[in-house]
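Notes follow once the structure below has been shown.
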Amino acid sequence: MRQPRSVNRLPAAAQINETRRRVTLGTAGLAAAMAFPGIVRAQQPQRIPVAVVVGLTGRAGPWGIPVNDAVRLAVEQINASGGIKSKGGAQIDLISVDHQSNPQMAGTQTERVIQVNNVLAVIGNATSGATMVGSAISEKARTPMISTDLGDSLTNRGMKYFFRIGAKASHLAGTAVDFAEEMIKATGAKPRKVATMADDSTFSQDAIQGALGRLKQTGWALQENVSFPAGKVSDFLPLLQRLKLSGVDLIFHALFAPDGIQVMRAMKTLNYDLIASVHIAGAPYTPEYVENLKKDADYVTDAVGFVPELVAKNPLLATYSDAYKAKYRRDLDDQASLAVTSVGALYDALERCSDLSRESLTEALRATDLEAGANPFVLRDGVKFDQAGDNVKAKGLVMQLRDGQQRIVYPAGIATTQPVWPMPAWSKRA
Amino acid sequence: MFSKLTDSFRQQGAGLWLIAAAVAAAAAVAAPWINPYYTRVMTMGLLCGYLAASWNLIGGYAGQMSLGHALFFAIGSYSVALLARLQDVPLVAALPLAVAVSVALAWIIASICFRYALRGIYFAVGTLLLAEIARILVINSDAMGRSQGLQIPALEGARNFSFGSDLPFFYIFLGMSIALALGSLVLERCKLGYDLVALREQEDGARALGVDVNAIKRLSFVISAGLTCVGGVVYAGLVRYVEPGYDLSLTITLFMVMGAVLGGRGTALGPFLGGILVVIVQETLITVGSTFGTTSVSALAQMIYGLFFVVVLLVFPRGIIGQLLHRRIDRKATRPPVGATQEV
Amino acid sequence: MLLTLLLVGAVSGVLGGLILALLSTGFNLALGVSRVVNFQHGAVVLWSMYASYMLWKATGINPYVGLLAIAPVAFAIGYFLHRWLISRSLSTPEDSQILFSIGLLIAFQYLAQFFFSTDAHSLTEDSLQHSLIIGPVFLQYTQIAAAAMSLLVLILLHLMLTRTDLGRKLHACAQNPTGARVAGLNVEHLSAVALGIAAACAAVSGTALATMAPIFPERAFEYSLVAVVVSVLGGIGSMSGSILGGLIVGIIIAVSQVTGYGDLALAIVYALVFLIFLIRPNGLISAIKS
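As they're listed, the protein sequences go chains L, R and B.
What the first sequence shows, in my numbering, is residues 621 to 1050, in sequence order.
What the second sequence shows, in my numbering, is residues 73 to 416, in sequence order.
What the third sequence shows, in my numbering, is residues 51 to 340, in sequence order.
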């Protein structure tokens, strides 16, 4: 524990008492430090070890890679700007570990960074399955874990050291359906038939199950829920033709860039006109989607937690987002923004925590109450954790691609433009 | 049985086994004191060794390369998950059920495959296809948790393998490994063991000698499946999460197979050495990768892992222990018999 | 509507099947001639996709024209890969060899991730971005071109194998390697040639696939598995077998998607192939010929 630098000017007797108090506290502190390895750091507050354990190779790669990239850049910037000021400018020592999309490995690596590298906190584990295992380890070791994952069940395990930054998959799915409902009410055109389309990855399935639940309440005619193996379908024409022939004119999608690109191309080939193509995270926010489809990507809508436009409103956040773009040559996306906000929450908690121990850091995290832009790394709506570890300020929004740009169209309060609904027919587009 | 053990020791050289025993004893004593991460790595090494040794029964001793063993592993892990979620069934009760299912399924598969004389690449690819079919079915099944997998609920008590820490798992796997190693040794010396050698070396000849080749293959396959399933059950107790992307993947099958191939197929100790080595190599690669911390280096680490297979197979085609034993047998064979006159 | 859908499925299946056939033929040929299971085939296809994409991105030339440069390079790589590396693995027990090639697959796949990252890239050649509409059937030019190219290469291969000297020698190796050696044929060289041809076929398939679907590293394993499945289904070592196998697999997948069982399509294919293993291990083509 740090001794205050200034010496109190008190009468002699009081000073002796003061000294005695300090000595007692100091000894107690030392004893506590010996007993709990995490606190040992407090004696030399020069470096704060933190780990990010995600999948960089294997099927979880597309989620883990942006998280790792974003966290590394954020930590670099924090260190460059003076580290954690309340802890004497302590620098963060970041360790990035690949768990190879292997849940058992996620557990082992989380164990390693906690037990061998003595990290104070873990950011991980991308994706939900790995996080289930990794967080069980961090919970047992009483080490806080901040997760960018969106799987619903992560926060209903009664854990005390687990914090989730983003809106749950089912919440995003709900936002997507809410948006569609509002648009349909506004334009008065009810869809003939609705379909959902998802690949078999964990995120997409979570999202689409959420959508299906919410769709039941809309009273629309659900034609079917299509699911297909991620990345393995080389020809979407037969599948889409079936939907077209059945009269489906509104589709909710949860799929990723490679498949998303093919689906859109196939729709164009088939001259398949839809009222709307509403995605839940997934493909449309990725740079590849727009790069590959160009004008054909326009008018697609996507329920996400973040769009680059949000940052444009706040110049403080631009420092990070410009640096990200310069280093990685792509705009910030949903996953990356979650990762940066995680670092933002961690940064804030590290400044506020009473000492560099896992317990106090966790306490500080629980007390988090940040608005967007509270520090240069809180890119999203703000952070405040509830009992279960969910971020109550995490909200979904819907963006529409227009001329390759992501424009916020819902909710009305933050919309930057009016949505184009229904989607213009292929024949009417250039 | 004891005489069989001593026979084996004498033939293979007690040296290897003594070393193994010493290492196991040292690990057992050190486990509670060392950093929990190292204990976990040792536990994973033993898991890999155990699974490799189970696979060894069909893949090594019987010489039939099964690439679908993930199926039995997953039956073990999924049984624990499903039964716990549906009926609060404790792990120790789920174990016999899982093994029964694995054994029954293995019996059916083996009967079909061996009756139709599936061998070599056909057997390898055929079993791989079966595991893939299972994976696709699970991914499309709501009851089985689809691709997200299933969380095993936190039921209390030792009968659920819910210990305060992961340390007991180290001892459980150590015990299982010792039992399997000694079991394999006994197997080598009994009739089944000899029949397996005949089958492996020269199948048609063995058949001509009256060995019921199909029955033996099936028996090995079934025992191997049951043992692999037990490994899956204990794994589920440790990790508490099952998902098709790992439990039913080629990744876990390769995990098992490489351990056996690297260490030495058809030997009792080989798979354990191989399994531990595979885990050590993986951990080393990840650790080195994390000192750089970038995606590209991690990809490189995986590439080296692939090359590791390639190099090992070139340098130790019989596996490390297999190579050692082979040389020893060669040396003994070329030593002139006592008392005989030297041929010029 | 069902009839329309089945028609759509059948057409899509045939076109897709031709591409699968080409993907597998090279693999099958190498398997027949040298008895080597080249599980790394899928990685060779993947690398061809990247090569095709990079060439197109840098020069803008039509990828099928770019093939003229890529295919010979692929041939050379395949030839020397066999000569220098794979032939060394032949002394190991037969089934260890499959693990050897799986190791190569993993290594090549992650090498690709190292260079190209996991981002999906698309080869969108403008001249191919149109479609042909015949009644209810919609066909993309990319598909037609890919299928036509595959058919062309398959025909050329067939002619090469049956009419040329090299073809006869390769055939002899496939039929009876010991006999071939006795007859004075350089089996090692011919096996390497077979793998070279396989790699060249992979290059053509890779180029075709690159124009149709986004490119990312995880596809390598799936391509390998398809090649193995189609080859064994049709008949190991038989070119016509690969074509038959490819068409059957293509049609099953397309019809499954069209009738709503798309997610189980692959499982259906695998189950069928497993049955064929049992009943007709020499592949369907032998069943038809006999």
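No residue lacks a Cβ here, since even glycine has one placed at the ideal position from N, Cα and C.
These numbers were taken from a predicted model, which means no experiment stands behind them.
key: Inter-stretch contact at 8 Å, needing at least 3 Cβ pairs: the region 205 to 224 of chain B / the region 76 to 92 of chain B   = yes
Inter-residue CB distance, residue 333 of chain B and residue 284 of chain B (contact presumed, cutoff 8 Å) = 5 Å
ask   = List, in order along the chain, the chain L residues whose C-beta lies closer than 8 Å to that of residue 266 of chain B?
value = 851, 878
key: Distance, residue 385 of chain R Cα to residue 1027 of chain L Cα   = 55 Å
message = Less than 7 Å between CB atoms is the rule here; does residue 66 of chain B satisfy it with respect to chain L?
response = yes
message = Please tell me whether residue 304 of chain R has its Cβ less than 7 Å away from any Cβ of chain L.
response = no
For residue 730 of chain L and residue 744 of chain L, the rounded distance between their alpha carbons = 9 Å
task = State yes or no: is the beta carbon of residue 295 of chain B nearer than 7 Å to at least one beta carbon in chain L?
result = no
query = Counting pairs of Cβ atoms below 8 Å between the region 860 to 873 of chain L and the region 798 to 817 of chain L, do you hit three or more?
reply = yes
query = Do we get a CB-CB distance below 7 Å when we pair residue 62 of chain R with the residues of chain B?
reply = There is simply no residue 62 of chain R to check, as chain R begins at 73 and stops at 416 in what is shown.
Contact list for residue 327 of chain B against chain R, beta-carbon separation under 7 Å = 190, 194, 198
inquiry  = Taking 6 Å as the limit between beta carbons, can you name the residues of its chain near residue 973 of chain L, skipping five residues before and five after?
reply    = 980, 981, 984
ask   = With a cut-off of 8 Å, do at least 3 Cβ pairs link the region 330 to 349 of chain R to the region 116 to 126 of chain R?
value = yes
request  = Could you name the residues of the same chain whose beta carbon sits closer than 8 Å to that of residue 122 of chain B, not counting the 5 residues immediately before and after it, in chain order?
outcome  = 250
request  = Confirm, please, whether the CB-CB distance from residue 71 of chain B to residue 292 of chain B is below 7 Å.
outcome  = yes
request  = Give the DSSP-derived three-state secondary structure of residue 669 of chain L in the structure shown.
outcome  = strand
query = Whole-angstrom Cβ separation of residue 704 of chain L and residue 668 of chain L, contact assumed at under 8 Å?
reply = 7 Å
request  = Classify residue 111 of chain R as buried or exposed, calling it buried when 16 or more other Cβ atoms lie within 10 Å of its own Cβ.
outcome  = buried
request  = Can you check DSSP and say which residues form a bridge with residue 1002 of chain L?
outcome  = L/991
message = Residues of chain L with CB closer than 8 Å to the CB of residue 116 of chain R, please, in chain order.
response = 724, 728
message = Just verifying my parser: in three-state terms, what is the DSSP assignment at residue 979 of chain L?
response = helix
Proximity to residue 161 of chain R [Cα-Cα], best of R/221, R/232, R/105 = R/232
task = Specify the secondary structure class of residue 415 of chain R as computed by DSSP and reduced to three states.
result = Since pLDDT at residue 415 of chain R reaches only 48, below the 50 mark, its modelled position is unreliable, and the value read off the structure follows with that caveat. Residue state, collapsed to three classes: coil.
ask   = Is residue 313 of chain B near residue 212 of chain R, with beta carbons less than 7 Å apart?
value = yes
query = Taking the alpha-carbon positions, what's the residue 754 of chain L to residue 187 of chain R distance?
reply = 45 Å
query = By the criterion of Cβ-Cβ separation under 7 Å, what are the contact partners of residue 223 of chain R in chain L?
reply = 752, 773
message = So the candidates are B/147, B/183, B/282; which of them puts its Cα closest to the Cα of residue 335 of chain B?
response = B/282
ask   = On the three-pair Cβ rule with 8 Å, is the region 354 to 373 of chain R touching the region 160 to 175 of chain R?
value = no
query = Does the beta carbon of residue 674 of chain L come closer than 7 Å to any beta carbon on chain R?
reply = no
request  = Can you give me the start and stop residues for the alpha helix (DSSP H) that residue 290 of chain R sits inside?
outcome  = 285 to 311
request  = Taking 7 Å as the cut-off, decide whether the C-beta atoms of residue 168 of chain B and residue 266 of chain B are in contact.
outcome  = yes
query = Taking one C-beta from the region 766 to 780 of chain L and one from the region 831 to 851 of chain L each time, how about it: are there three or more such pairs within less than 8 Å?
reply = no
query = Taking Cβ-Cβ distances below 8 Å as the criterion, which residues of the region 239 to 251 of chain B are in contact with chain R?
reply = none
key: Residues of the region 734 to 753 of chain L whose Cβ lies closer than 7 Å to any Cβ of chain R, in chain order   = 735, 736, 748, 749, 752, 753
message = Looking at residue 1020 of chain L: is its Cβ nearer than 7 Å to the Cβ of residue 1044 of chain L?
response = no
key: Spatially closest choice to residue 315 of chain R from R/220, R/342, R/323, R/396, by CA coordinates   = R/220
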